[in-house]
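>
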Amino acid sequence: MQKVEILQIGPYPEWDEEPLNALFEVHRYFGAEERQSFVDRRCGTVRGIATRGEYVVDRTLIESLPNLEIIAVYGVGFDGVDIDAARERGVRVTNTPDVLSRDVADLGVAMMLALARGVVEADDWVRTGNWKEKGPFPFKSTVSGKTAGVLGLGRIGKELAKRLEAFDMKILYSARSPKNVSPEWKFVENAFELARRSDVLFVVIPAHPENRHLVDGAVISALGPQGTLINISRAANVDEDALLDALEAGALGSAGLDVFEGEPDVNPRFRTMSNVLLHPHGGSATVETRMAMGQLMRENLIAHFEGRPLPTPVA
Ligand code: 8YV
0 MQKVEILQIG PYPEWDEEPL NALFEVHRYF GAEERQSFVD RRCGTVRGIA
50 TRGEYVVDRT LIESLPNLEI IAVYGVGFDG VDIDAARERG VRVTNTPDVL
100 SRDVADLGVA MMLALARGVV EADDWVRTGN WKEKGPFPFK STVSGKTAGV
150 LGLGRIGKEL AKRLEAFDMK ILYSARSPKN VSPEWKFVEN AFELARRSDV
200 LFVVIPAHPE NRHLVDGAVI SALGPQGTLI NISRAANVDE DALLDALEAG
250 ALGSAGLDVF EGEPDVNPRF RTMSNVLLHP HGGSATVETR MAMGQLMREN
300 LIAHFEGRPL PTPVA
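Put into structure tokens, the structure is as follows:
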């Protein structure tokens, strides 16, 4: 039987490439020299797209595929896909929620602890011989008893709050409405108030257009010179210029960032700062979770082409 044709937007680990190629006739968009002409010449019979959270599937691409039925995202964030264009064409969209929530939450906690305790600089202190030459590493700060503000109490936000509670932190959260969660987790009306009342602010909201720069200069200032901002969601949710200015001026204490405007290009101003911890967009980047994401993405494609309900649809 003829295999269904799909367009693959970007590379996957080998363990995903193999089953994908066994199941489908795969056209590699990212390998093509001139992408639009490749699509126009070769992709008329493509029925599915396999993409990733950080890649763009825009209206032009969607409209150039007359037989497109489904876009399967490897990732929970689907902000790279033009959902309106997909809906207009009746194209289904799926993502890979849940399977990555715990790892992303773990990275948020790891960044908070690393910043609070100076884990990266302490390692350097030992390696460079400073310990012997200059003496003990400077004292850092405790997280126990401090207040964590969780901006966005979705699947990842809940995993994060559970973990932070285990560090004896007070939990505040902000979301569109109060959630049916532990009475110990207190709802706060907006991002500004959340930042004002928190020592560490975690950004875990989806990158919807209405969330663009939700964490703006005012929110960052409200967090203050002793405050820490951790962004494990999307760069667009934070005003990066305002963040850089605040970090440079000491108006914000520190930041842990997994995401950047224009990544993998990173604003060079970050590179010289000692009060930031930078991570290359890898909240879900463990072998176990990436395998689960690949599998769930394929399950969505297979279910669609077998006419079964989609396991994790978003549109
Ligand atoms: C991945 C992500 O980096 O889930 C998301 O939205 O951004 C990440 O899990 C990405 O999708 C993998 O390519």
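Going by numbering that gives the first Met the number 0, the sequence shown opens with residue 0, and the numbers climb by one from there. Idealized CB from N, CA, C, for every residue including glycine.
Which value, in whole angstroms, describes the spacing of the CA atoms of Pro10 and Pro137?
Mapped onto the sequence shown, residue 10 falls at position 11. Mapped onto the sequence shown, residue 137 falls at position 138. Cα to Cα, Pro10 sits roughly 43 Å from Pro137.
> Figure out for me which residue from Val187, Thr127 and Glu132 has the closest Cα to the Cα of Leu150.
Taking the sequence shown and counting its residues from 1, the one referred to as residue 150 is at position 151. Ranking Val187, Thr127 and Glu132 by Cα distance to Leu150 puts Val187 first.
> For Arg58, which of helix, strand or coil comes out of DSSP?
Here residue 58 is taken as the residue at index 59 of the sequence shown, counted from 1. Arg58 falls in the helix class under three-state DSSP.
> Any residue with its C-beta under 5 Å from a non-hydrogen atom of the ligand 8YV counts. Can you list them all in chain order?
Working through the chain, the matches are Arg51, Gly52, Gly74, Val75, Gly76 and Ser283.
> Given that a residue counts as buried once 16 or more other Cβ atoms are within 10 Å of its Cβ, and exposed if not, what is Asp122?
Taking the sequence shown and counting its residues from 1, one reaches residue 122 at position 123. It counts as exposed.
> Mind checking which residues open and close the beta strand (DSSP E) that includes Lys169?
The count along the sequence shown starts at 1 and reaches residue 169 at position 170. Per DSSP, Lys169 belongs to the beta strand (DSSP E) from Lys169 to Ser173.
> Please report the Cβ distance between Gly282 and Val118, rounded to the nearest whole angstrom; I am assuming they are in contact, meaning their Cβ atoms lie under 8 Å.
One-based indexing of the sequence shown puts residue 282 at position 283. One-based indexing of the sequence shown puts residue 118 at position 119. In fact, because the Cβ distance is near 18 Å, the residues do not count as touching under 8 Å.
> Give me the Cα-Cα distance between Ser143 and Val199, rounded to the nearest whole angstrom.
In the sequence shown, the residue the question calls residue 143 occupies position 144. In the sequence shown, the residue the question calls residue 199 occupies position 200. Their Cα atoms are separated by approximately 12 Å.
> With burial defined as no fewer than 16 other Cβ atoms inside 10 Å of the residue's Cβ, what is the status of Thr141: buried or exposed?
Taking the first residue of the sequence shown as position 1, residue 141 is located at position 142. By the neighbour-count rule (16 or more Cβ atoms within 10 Å), Thr141 is not buried but exposed.
> With C-beta atoms as the reference, is Ile61 less than 8 Å away from Val98?
Mapped onto the sequence shown, residue 61 falls at position 62. Mapped onto the sequence shown, residue 98 falls at position 99. No. Outside cutoff.
> Taking the Cβ atom as the reference point for each residue, do Asp238 and Gly255 lie within a distance shorter than 8 Å?
Position 239 of the sequence shown, counted from the first residue, corresponds to residue 238. Position 256 of the sequence shown, counted from the first residue, corresponds to residue 255. Against a cut-off of 8 Å, the Cβ pair of Gly255 and Asp238 comes out as no contact.
> How about Gly74 and Asn94: are their beta carbons less than 8 Å apart?
Here the question's residue 74 lines up with position 75 in the sequence shown. Here the question's residue 94 lines up with position 95 in the sequence shown. For Gly74 and Asn94, yes; Cβs fall inside 8 Å.
> Indicate the three-state DSSP secondary structure (helix, strand or coil) for His303 in the structure shown.
Translated into positions along the sequence shown, residue 303 becomes position 304. His303: helix per DSSP, three-state reduction.
> May I ask you to list the residues that DSSP assigns as paired with Thr362?
The displayed coordinates of the chain run from 0 to 314. Any statement about residue 362 would go beyond what the structure contains.
> Over the uninterrupted alpha helix (DSSP H) stretch that includes Gln35, give me the two end residues.
If you number the sequence shown from 1, residue 35 lands on position 36. It spans Arg34 to Arg41 - the alpha helix (DSSP H) in which Gln35 sits, taken as one unbroken run.
> Mind checking whether Val38 and Phe23 have CB atoms under 8 Å apart?
On the sequence shown, residue 38 is found 39 positions in, with the first residue counted as 1. On the sequence shown, residue 23 is found 24 positions in, with the first residue counted as 1. Against a cut-off of 8 Å, the Cβ pair of Phe23 and Val38 comes out as no contact.
> Taking 6 Å as the limit between beta carbons, can you name the residues of its chain near Ala291, skipping five residues before and five after?
The sequence position of residue 291 within the sequence shown is 292, counting from 1. Same-chain partners within the cutoff: Val98.
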